[in-house]
Amino acid sequence: MGMLAGKTAMITGGTSGIGLAIAKAFAVEGAQVVISSRRRQAVDDAVQLIGAGAIGFDGDVADPRHHDRLADEIARRLGGLDIYVANAGINTIRHSAEVPEAEYDAQFAVNTRGVFVGVQKMVPIMRDGGAIVLTGSLASEKVLDGHAVYAGSKAAIGAFARSWALELKDRGIRVNVLSPGPTDTEILAKLGVAPEQRADFEAGMAAAIPLGRLGRPEELAQAALFLASDASSFITGINLRVDGGMALL
Ligand SMILES: NC(=O)c1ccc[n+]([C@@H]2O[C@H](COP(=O)([O-])OP(=O)(O)OC[C@H]3O[C@@H](n4cnc5c(N)ncnc54)[C@H](OP(=O)(O)O)[C@@H]3O)[C@@H](O)[C@H]2O)c1
Numbered sequence: 395m396g397m398l399a400g401k402t403a404m405i406t407g408g409t410s411g412i413g414l415a416i417a418k419a420f421a422v423e424g425a426q427v428v429i430s431s432r433r434r435q436a437v438d439d440a441v442q443l444i445g446a447g448a449i450g451f452d453g454d455v456a457d458p459r460h461h462d463r464l465a466d467e468i469a470r471r472l473g474g475l476d477i478y479v480a481n482a483g484i485n486t487i488r489h490s491a492e493v494p495e496a497e498y499d500a501q502f503a504v505n506t507r508g509v510f511v512g513v514q515k516m517v518p519i520m521r522d523g524g525a526i527v528l529t530g531s532l533a534s535e536k537v538l539d540g541h542a543v544y545a546g547s548k549a550a551i552g553a554f555a556r557s558w559a560l561e562l563k564d565r566g567i568r569v570n571v572l573s574p575g576p577t578d579t580e581i582l583a584k585l586g587v588a589p590e591q592r593a594d595f596e597a598g599m600a601a602a603i604p605l606g607r608l609g610r611p612e613e614l615a616q617a618a619l620f621l622a623s624d625a626s627s628f629i630t631g632i633n634l635r636v637d638g639g640m641a642l643l
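Heads up, our numbering is the position in the sequence shown plus 394, with the first residue counted as 1.
What follows is the structure, given as structure tokens:
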């Protein structure tokens, strides 16, 4: 029997990179998977890739009404939720002096408020004994050039997790953070790394990672599976770095 047999799991940003890998891994372990992201076509494509009866919704995590709709649909169609992975996130690299107000607001609206409101709306439909996994970032602990706003938006995630771990303890709902280091996903292209610069960019990153390479989305997914499943039944309120040791340097 799979590690998540009989469980229903919702993953935001489940159409790409780490979120898609998590959705696939959870489905392989027997979960009923629900995903969301903004692009309808990407949702439909990911649902096909995940298989196993996965369900997808389009919407923006920065919009509180999206979470209301998701909670209503999941409660109505699936009867409740066992696992919530708040994974959708965006990043831009820019020195603080150059950050436009709209870019600051967008990162906090998605990375911070989107996580807060998502958990706020999902907890009422979650079953006791569930698990919440928040995708943070190594950048919230380790200074990376041009990442001040992103780091700030992700640092809040750790504070949320510690508060929620206590707020939800009596329902047996565990709350943990998964903090990726540099991982080979579409987010790198979205940062503006041109295809011809990609090899140099990755080599530069790899040199700063003791294990000598970027992470793979599937490796992050296995860590998420650990935090979402009974394999971590005595763990709540932690920040699990999956960074090839990058925090050490
Ligand atoms: N890759 C890394 O090196 C790295 C390192 C540290 C932390 N992380 C974190 O890991 C998480 C996943 O990143 P990734 O690398 O897998 O990135 P990715 O490949 O760019 O995937 C991001 C996912 O989030 C969705 N998304 C973005 N904005 C959204 C919004 N406003 N509402 C709903 N969905 C939204 C995207 O789909 P749509 O575009 O369709 O909305 C996509 O499915 C993020 O929180 C990121 O900050 C990544």
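Where is the CB? At the ideal position from N, CA and C, for every residue including glycine.
Considering residue i, what are the terminal residues of the beta strand (DSSP E) in which it resides?
{"i": "residue 404", "result": "402-406"}
{"i": "residue 452", "result": "449-452"}
{"i": "residue 634", "result": "633-636"}
Specify, as a first and last residue, the run of the alpha helix (DSSP H) that residue i falls within.
{"i": "residue 546", "result": "542-561"}
{"i": "residue 369", "result": "Since the first residue shown for the chain is 395 and the last is 643, residue 369 is missing from the structure and cannot be characterised."}
{"i": "residue 568", "result": "Run containing residue 568: none in the alpha helix (DSSP H); it sits in the beta strand (DSSP E), 568-574."}
{"i": "residue 610", "result": "Unbroken run through residue 610: none, as it is neither H nor E."}
{"i": "residue 592", "result": "592-601"}
For residue i, count neighbouring C-beta atoms within 10 Å of its own C-beta (all shown protein chains included) and say buried if the count is 16 or more, exposed if not.
{"i": "residue 575", "result": "buried"}
{"i": "residue 401", "result": "buried"}
{"i": "residue 612", "result": "exposed"}
{"i": "residue 515", "result": "buried"}
{"i": "residue 423", "result": "buried"}
{"i": "residue 504", "result": "buried"}
{"i": "residue 566", "result": "exposed"}
{"i": "residue 395", "result": "exposed"}
{"i": "residue 628", "result": "exposed"}
{"i": "residue 637", "result": "buried"}
{"i": "residue 601", "result": "exposed"}
In whole angstroms, what separates the C-alpha of residue i from that of residue j?
{"i": "residue 658", "j": "residue 491", "result": "The chain is shown from 395 up to 643; residue 658 falls before or after that span and cannot be answered."}
{"i": "residue 369", "j": "residue 562", "result": "Past the boundaries of the shown model lies residue 369; the chain is included only from 395 to 643, so the question cannot be answered."}
{"i": "residue 533", "j": "residue 582", "result": "14 angstroms"}
{"i": "residue 615", "j": "residue 481", "result": "11 angstroms"}
{"i": "residue 594", "j": "residue 484", "result": "22 angstroms"}
{"i": "residue 458", "j": "residue 465", "result": "11 angstroms"}
{"i": "residue 634", "j": "residue 511", "result": "22 angstroms"}
{"i": "residue 499", "j": "residue 506", "result": "10 angstroms"}
{"i": "residue 624", "j": "residue 413", "result": "20 angstroms"}
{"i": "residue 427", "j": "residue 436", "result": "16 angstroms"}
{"i": "residue 610", "j": "residue 577", "result": "6 angstroms"}
{"i": "residue 619", "j": "residue 420", "result": "7 angstroms"}
{"i": "residue 455", "j": "residue 606", "result": "34 angstroms"}
{"i": "residue 631", "j": "residue 555", "result": "6 angstroms"}
If I measure Cβ to Cβ from residue i and keep anything under 8 angstroms in the same chain, skipping five residues before and after, which residues do I get?
{"i": "residue 471", "result": "449"}
{"i": "residue 497", "result": "486, 488, 543"}
{"i": "residue 604", "result": "638, 639, 640, 642, 643"}
Just checking residue i against ligand 3 - is the residue's beta carbon closer than 7 angstroms to any of the ligand's heavy atoms?
{"i": "residue 418", "result": "No copy of ligand 3 occurs in the structure displayed; its ligands are ligand 1 alone."}
Which same chain residues, not among the five before or five after residue i, have their C-beta less than 6 angstroms away from its C-beta?
{"i": "residue 478", "result": "404, 516, 526"}
{"i": "residue 434", "result": "452"}
{"i": "residue 558", "result": "569"}
{"i": "residue 388", "result": "Within the shown structure, residues of the chain are numbered from 395 to 643, placing residue 388 beyond reach of any answer."}
Return the chain-ordered list of same chain residues with a C-beta closer than 7 angstroms to the C-beta of residue i, the five sequence neighbours on each side being excluded.
{"i": "residue 469", "result": "519"}
{"i": "residue 580", "result": "410, 411"}
My parser needs the alpha helix (DSSP H) runs of 4 or more residues fully inside the segment 409-444; what are they? Runs of the alpha helix (DSSP H) inside the segment 409-444: 411-422, 434-444.
Taking the runs of the beta strand (DSSP E) that are 3 residues or longer, which of them lie wholly in the segment 496-547? Positions of the beta strand (DSSP E) runs, each at least 3 residues long and wholly inside the segment 496-547, are given as 520-529 in order along the chain.
At which residue ranges does the segment 469-494 contain complete beta strand (DSSP E) runs of 3 or more residues, listed in the order of the chain? Along the length of the segment 469-494, whole beta strand (DSSP E) runs at least 3 residues long occupy 475-480, reported in chain order.
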